[in-house]
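A short write-up of the structure that comes next.
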Amino acid sequence: MTGCESREPCVHRASHRIGVRHATGERIVYWHYCLCHFRAEMRRLDASTYFDVVDVGALS
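In our numbering, the protein residues as written are 250 to 309.
Written out as structure tokens, the structure reads:
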């Protein structure tokens, strides 16, 4: 399991992933977050017009 990929410093392990696709592209990119940053990032992405969330999941 990887560490949290938040833009803010974080020492927690990633527990969730978000798969996003840029509105103009085909490629899906996965970002990994701890639970706290996962919730904040989902709110940010839901408001974004540049990214479409295509996959959300918990890491085992």
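We put the CB at the ideal spot given by N, CA and C, even for glycine.
- In the three-state reduction of the DSSP assignment, alanine 263 falls in the coil class.
- With respect to the 9 Å criterion, isoleucine 267 and leucine 294 are classified as neighbours on the basis of their beta carbons.
- Secondary structure of alanine 296 (DSSP, three-state): coil.
- When the beta-carbon positions are compared, histidine 265 and phenylalanine 287 come within less than 9 Å of each other.
- When the five nearest sequence neighbours on each side are left out, the beta carbons in the same chain lying within less than 8 Å of the beta carbon of glutamate 290 are those of Ser255, Ile267, Trp280, Tyr282, in order along the chain.
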